[in-house]
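Following: one structure in structure tokens, then a few remarks.
There are 2 protein chains.
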Amino acid sequence: MIREKYARLAYHRFPRTTAQYLGHRRLDTTPLEEGLPDFHPPPLPEEDPYCLENAPPNLGYLVRMQGGILYVYDNKKMLERQEPHSLPYPDLETYTVDMSHILALITDGPTKTYCHRRLNFLESKFSLHEMLNEMSEFKELKSNPHRDFYNVRKVDTHIHAAACMNQKHLLRFIKHTYQTEPDRTVAEKRGRKITLRQVFDSLHMDPYDLTVDSLDVHAGRQTFHRFDKFNSKYNPVGASELRDLYLKTENYLGGEYFARMVKEVAWELEESKYQYSEPRLSIYGRSPEEWPNLARWFIQHKVYSPNMRWIIQVPRIYDIFRLKKLLPSFGKMLENIFLPLFEATINPQDHRELHLFLKYVTGFDSVDDESKHSDHMFSDKSPSPDVWTSEQNPPYSYYLYYMYANIMVLNNLRRERGLSTFLFRPHCGEAGSITHLVSAFLTADNISHGLLLKKSPVLQYLYYLAQIPIAMSPLSNNSLFLEYSKNPLREFLHKGLHVSLSTDDPMQFHYTKEALMEEYAIAAQVWKLSTCDLCEIARNSVLQSGLSHQEKQKFLGQNYYKEGPEGNDIRKTNVAQIRMAFRYETLCNELSFLSDAMKSEEITALTN
Amino acid sequence: MIREKYARLAYHRFPRTTAQYLGHRRLDTTPLEEGLPDFHPPPLPEEDPYCLENAPPNLGYLVRMQGGILYVYDNKKMLERQEPHSLPYPDLETYTVDMSHILALITDGPTKTYCHRRLNFLESKFSLHEMLNEMSEFKELKSNPHRDFYNVRKVDTHIHAAACMNQKHLLRFIKHTYQTEPDRTVAEKRGRKITLRQVFDSLHMDPYDLTVDSLDVHAGRQTFHRFDKFNSKYNPVGASELRDLYLKTENYLGGEYFARMVKEVAWELEESKYQYSEPRLSIYGRSPEEWPNLARWFIQHKVYSPNMRWIIQVPRIYDIFRLKKLLPSFGKMLENIFLPLFEATINPQDHRELHLFLKYVTGFDSVDDESKHSDHMFSDKSPSPDVWTSEQNPPYSYYLYYMYANIMVLNNLRRERGLSTFLFRPHCGEAGSITHLVSAFLTADNISHGLLLKKSPVLQYLYYLAQIPIAMSPLSNNSLFLEYSKNPLREFLHKGLHVSLSTDDPMQFHYTKEALMEEYAIAAQVWKLSTCDLCEIARNSVLQSGLSHQEKQKFLGQNYYKEGPEGNDIRKTNVAQIRMAFRYETLCNELSFLSDAMKSEEITALTN
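Taken in order, these protein sequences are the chains called U and H.
Heads up: the first sequence begins at 0 in numbering that gives the first Met the number 0, then just goes up one per residue.
Heads up: the second sequence begins at 0 in numbering that gives the first Met the number 0, then just goes up one per residue.
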């Protein structure tokens with residue numbers, strides 16, 4: 000019920016089945032479609048995806064940050080009276096109470112035992128299902144015409160744009176630019192213009208000789224448990240100049256090279272027809288100009304692709320900016336990230352480019368090395384963002400709360416105007432403290448990684464009951480935090496958690512041209528996944544993604560948003576109905592156990 | 000020394016380093032190049048690869064089979080006098096004595112302990128090498144210009160032609176033929192011509208609806224330890240009609256469909272530029288016509304590709320043919336397999352097509368389920384092939400001896416004429432008895448699989464000392480005989496055995512378009528192989544392959560045939576010299592241990 004509250008407030012998703020079993024509510028009769036997040040359908044083939052016309056009018060609202068959260072006022076008078084627009088505003092105290100409630104739950108002995116046993120039961124039940132029904136499932140798939148694993152839709156639900164091409168692709172691109180335009184000015188240093196040739200001369204290298212070895216962007220044995228080394232792999236040949244030139248949206252060329260590479264990746268997806276991707280682009284929060292610049296990059300280089308939808312990742316590196324004196328407080332960072340979005344939402348007329356770009360943005364991510372420890376304990380006594388001026392980095396939960404809070408207000412404001420809303424999809428549970436998964440349980444629509452659910456049966460069971468989508472990247476984990484064979488993906492899938500497969504960073508982890516297929520192939524081979532397993536994961540990935548309602552209907556079936564087998568159209572998904580029925584029955588069974596227990600407790604309480 | 004004898008007789012390869020250490024011989028001064036097998040260099044770009052001119056003249060020799068081995072006679076008189084041409088003819092008794100010698104060796108307690116300890120030592124030594132030199136190796140590779148894992152040559156050393164396309168490719172091809180030529184006559188049954196449409200009608204299916212699921216050629220959990228089920232996966236949709244039509248060289252269309260698909264695969268290899276393949280085509284030995292038919296198929300459909308070299312696989316299914324009364328004796332089967340080759344060698348003028356095709360054939364394979372048990376114990380008392388008329392299948396060692404014996408005579412005859420020779424490259428050690436690996440130790444130039452070397456330290460050590468190439472296919476094993484994580488490839492590589500990576504059957508085991516890259520990628524990911532490891536495997540694969548001397552010089556360096564670091568050209572292979580030096584030193588160290596022990600034994604024997 001706690002998660003449901005947070006989800007509803009932010010237009011995140013919560014399964015109605017779970018809500019109804021646990022809420023004792025009368026049948027919820029609002030149409031299921033209404034609970035769905037709002038994403039813009041892609042422009043029609045005849046429409047111009049970069050059309051800046053028809054931006055809605057200026058509402059004239061005013062926005063002010065207070066305590067790290069943006070408040071909207073209808074007009075100057077209301078601002079003076081401190082009476083904000085009637086949007087739901089999140090409350091820090093409630094949040095910390097809710098957090099501690101769940102923290103108490105996950106450490107409670109009997110609850111741990113109960114969840115542990117139920118999870119074991121779920122796993123054994125699936126094994127049994129597999130033994131009994133494997134052949135029937137396969138028979139169902141065999142008699143399903145024209146649809147197989149290759150032509151079901153798959154979304155790469157977690158991929159960083161700056162590493163979305165594979166290493167060979169980047170190498171080829173660098174060589175190509177050097178061959179075709181060595182004398183082009185590509186940078187400016189202290190007023191001096193620098194050509195591409197000069198860049199490479201200063202690095203003492205000839206791109207002709209460059210190899211994937213000397214490029215050195217691939218993770219290897221050296222990166223295991225070394226996020227720092229991994230991060231520096233983003234620098235081709237170890238040179239940050241090349242990262243700036245080739246992998247950034249803001250540079251002397253206006254991010255042209257990066258845009259061209261991303262478009263090549265997009266083109267390959269369009270060619271493949273059935274593969275989609277949700278690349279994550281960075282907004283750092285150093286300056287409010289980042290947003291208009293990013294939108295301009297997108298429009299100027301025509302980066303739109305029907306097979307891509309965008310996510311904005313915010314690195315948790317306030318401490319670095321503060322140390323460099325780029326930011327006075329954490330509050331300023333939040334303002335830089337969110338204020339431009341509020342302004343573009345209130346007055347799209349004057350922020351046409353950003354307004355347009357936001358149509359293709361479907362969510363936010365919070366990224367960094369989770370294994371970094373923070374000394375600060377987040378509580379309602381923590382300093383508010385506007386007074387967080389120390390050089391210390393706020394902890395994970397603090398970041399998540401303030402990201403969520405602003406997204407929630409923004410979503411409500413946008414919903415009011417009929418604009419698209421955003422999902423919060425942070426990295427969570429890749430490493431570090433288990434409390435991260437508690438924060439995300441409240442604040443996130445879905446998460447990336449989730450490895451550490453392995454360590455907490457209660458949280459794992461909660462993620463199961465709430466069917467929180469988890470984008471897993473076992474090849475990435477294999478190079479960074481957890482060996483492939485120990486990855487819990489197979490186990491999570493068996494138990495019925497809502498997992499999808501994603502690549503994270505093809506540049507650093509993959510060998511073949513088709514990174515997502517490589518990811519699926521290796522999982523299939525190592526864990527001996529059946530076709531039905533693979534198609535279930537692919538279906539999960541589409542559900543988890545920011546593709547629009549219309550696209551999901553096209554890719555998964557008219558009723559995709561319904562829970563259980565009636566939401567599955569095997570002709571589109573190639574997932575056996577036997578499997579869907581098993582999943583739904585199993586979930587209902589777990590839920591009814593819980594609701595029966597709650598009822599009997601209530602009766603005991605009443606009779607005593 | 001036993002293996003060396005067999006190798007020299009058949010123009011197989013034996014490392015000179017090992018020969019010199021163990022043979023106490025004075026320095027062998029014959030140029031190293033002379034010991035190399037003879038393969039035709041590929042035709043020059045301006046040459047016609049199908050040119051039937053310039054076949055050498057008829058020598059007029061006569062050939063007769065005696066005791067399962069083909070004997071060559073200079074003329075009729077010599078035949079009457081039973082005086083065969085002066086070629087080395089193998090001797091069954093020597094073979095069985097040698098076999099039993101090695102069998103005694105591998106069960107000898109102290110030898111087992113010794114080998115086991117040396118192998119452990121080799122593995123630990125490599126770990127140490129890795130810890131100390133990993134970064135130096137990588138540094139060497141990074142400073143190696145223009146060469147990386149992607150552009151070193153790789154050969155798929157073990158792949159069955161009938162499964163060389165992936166499942167999606169086969170599916171697409173079937174749909175394409177149906178769309179473009181449904182009314183073409185593709186078969187004849189009891190005099191009635193059958194069109195493609197009728198074939199599918201009789202199977203009650205519309206190819207439009209066909210999927211990889213209904214095609215059902217992919218191995219899955221059901222095939223583990225079930226070679227029978229695996230074999231039936233060669234039938235698309237379970238229909239042998241479709242196998243005949245699409246995957247055979249002999250049928251109503253003269254194997255046109257199969258040829259077209261193989262050429263599509265070849266074209267992809269040519270596009271990739273750095274990948275080569277050695278597909279295995281079947282000769283069954285039912286009739287002597289199989290050879291000319293196969294050669295005609297090759298020439299008529301222009302199947303030649305510079306990126307492919309061919310191997311002939313002979314299935315060990317005499318018992319099936321005998322049961323169907325297609326063959327009177329095992330001797331007849333051998334005759335059907337080898338006589339046409341002798342005739343084409345003696346009189347190329349009258350067998351121009353076969354003569355031409357043999358230029359592109361570089362070896363023989365013996366294939367079938369090794370786990371099938373044979374009751375017969377092979378010895379010099381075993382019935383000779385001409386009197387082997389029972390319905391029982393001869394055992395593995397029997398097959399191998401007679402294949403080897405005939406290849407050996409054939410190679411000597413061909414060498415005399417300046418024609419190319421063949422390598423014997425059987426499947427061995429995939430399953431079944433350990434004695435298979437003993438037979439192959441004598442008779443094979445190199446083997447496929449070799450998994451069971453895991454179980455015999457003595458044999459494993461012998462395979463190491465003799466540096467016998469092993470084409471391993473861990474993904475194939477994963478579906479059939481051994482889980483990926485238990486595959487010994489990594490361990491073999493570490494110890495210094497001469498291993499390469501191969502796909503076996505992309506149609507059945509692989510998911511992506513690039514099966515060989517998938518194989519390398521998965522090995523790299525699961526076992527965390529370094530770039531140097533991968534490039535060492537790739538180099539091994541070229542050495543193992545039937546590519547010609549000229550090509551190997553081009554792909555690996557001028558001196559590729561020299562042992563140790565001087566045989567390595569890092570600019571071509573991207574294998575660090577540190578690695579090569581380590582391998583060579585380690586091998587020499589093992590060998591000098593043995594030769595010292597032998598010397599001291601001799602001295603003891605002399606002084607006593």
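In this text, a Cβ means the ideal position worked out from N, Cα and C, and glycines have one as well.
On a predicted model such as this, the values are computed, not experimentally measured, just so you know.
When secondary structure is reduced to three states using DSSP, PRO42 of chain U falls in the coil class, being assigned neither helix nor strand.
Checking the DSSP bridge columns, you'll see VAL498 of chain H partnered with H:ILE469.
DSSP places ILE158 of chain H inside the beta strand (DSSP E), whose first and last residues are 153–159.
Taking 9 Å as the upper bound on Cβ-Cβ separation, chain H lies near residues LEU140, LYS141, SER142, ASN143, PRO144, HIS145, ARG146, ASP147, PHE148, TYR149 and ASN150 of the segment 138–150 of chain U. Around ASP208 of chain H, the beta-carbon contacts reaching into chain U at under 8 Å are PRO144 and HIS145. By DSSP's assignment, GLN299 of chain U forms no beta bridge with any residue. Where THR184 of chain H is concerned, the enclosing beta strand (DSSP E) starts and stops at 184–188. For GLY284 of chain H, the secondary structure class from DSSP, reduced to helix, strand or coil, is coil. Counting along the chain, the unbroken alpha helix (DSSP H) around PRO456 of chain H starts and ends at 456–464. If you ignore the 5 residues before and after ARG414 of chain U, its C-beta comes within less than 8 Å of the C-beta of TYR10, ASP37 and THR420, all in its own chain and listed in chain order.
Shown here, ARG80 of chain H sits in coil according to DSSP, grouped into three states, outside any helix or strand.
Beta-bridge annotation (DSSP): PHE363 of chain H is paired with H:ILE311 and H:PHE423. Residue contact check for HIS509 of chain U against chain H: a CB pair falls below 9 Å.
For GLN524 of chain U, the nearest beta carbon of chain H is closer than 9 Å to its own beta carbon. Among the residues of chain U, those whose CB is under 7 Å from the CB of ILE521 of chain H are ILE521 and GLN524, following chain order. Taking CB atoms only, ASP155 of chain U has no neighbour in chain H less than 9 Å away. Interface residue (Cβ-Cβ distance to chain U less than 9 Å): ARG15 of chain H is not classified as such.
DSSP places ASP503 of chain H within a strand segment (E or B) once states are collapsed to three.
Three or more Cβ pairs closer than 8 Å define a contact, and the segment 561–572 of chain H meets that threshold against the segment 145–153 of chain H.
In terms of Cβ geometry, VAL360 of chain U and ARG321 of chain U do not form a close pair [threshold 9 Å]. In this structure, ILE446 of chain H lies away from LEU500 of chain H, with their beta-carbon atoms at least 9 Å apart. At a cut-off of 4 residues, the continuous stretches assigned as alpha helix (DSSP H) that sit fully inside the segment 368–452 of chain U are 395–415 and 434–442. Legend: CB atoms of the segment 470–491 of chain U lying less than 7 Å from CB atoms of chain H belong to residues LEU474, ASN477, TYR483 and SER484. Per DSSP, the continuous beta strand (DSSP E) segment holding LEU61 of chain U begins and ends at 61–65.
Contact between the segment 0–7 of chain H and the segment 432–446 of chain H is present: three or more C-beta pairs spanning the two stretches fall below 8 Å.
Burial check for CYS50 of chain H: the Cβ neighbour count within 10 Å stays below 16, so the residue is exposed. Between ARG424 of chain H and PHE329 of chain H, the C-beta spacing is not below 9 Å. Leaving aside the five residues that flank ASP147 of chain H on each side, the residues in its chain whose CB is nearer than 7 Å to its CB run, in chain order, ASN573. Contact between LEU492 of chain U and TYR463 of chain U is absent: CB atoms are separated by about 11 Å, not below the 8 Å threshold.
Under the criterion of beta carbons closer than 8 Å, SER276 of chain U and GLN312 of chain U do not qualify as touching, at roughly 14 Å. In the DSSP assignment, ARG279 of chain H forms a beta bridge with H:HIS159 and H:ILE310. Looking at H:PRO235, H:MET204, H:LEU195 and H:HIS354, the one whose alpha-carbon comes closest to that of PRO55 of chain H is H:HIS354. LEU409 of chain U is classed as buried because its beta carbon has at least 16 other beta carbons within 10 Å across all chains shown.
Taking a C-beta cut-off of 9 Å against chain H, none of the residues of the segment 255–277 of chain U qualify. For LEU69 of chain U, the enclosing beta strand (DSSP E) covers residues 68–72. Between VAL211 of chain U and chain H, the shortest Cβ-Cβ separation is below 9 Å.
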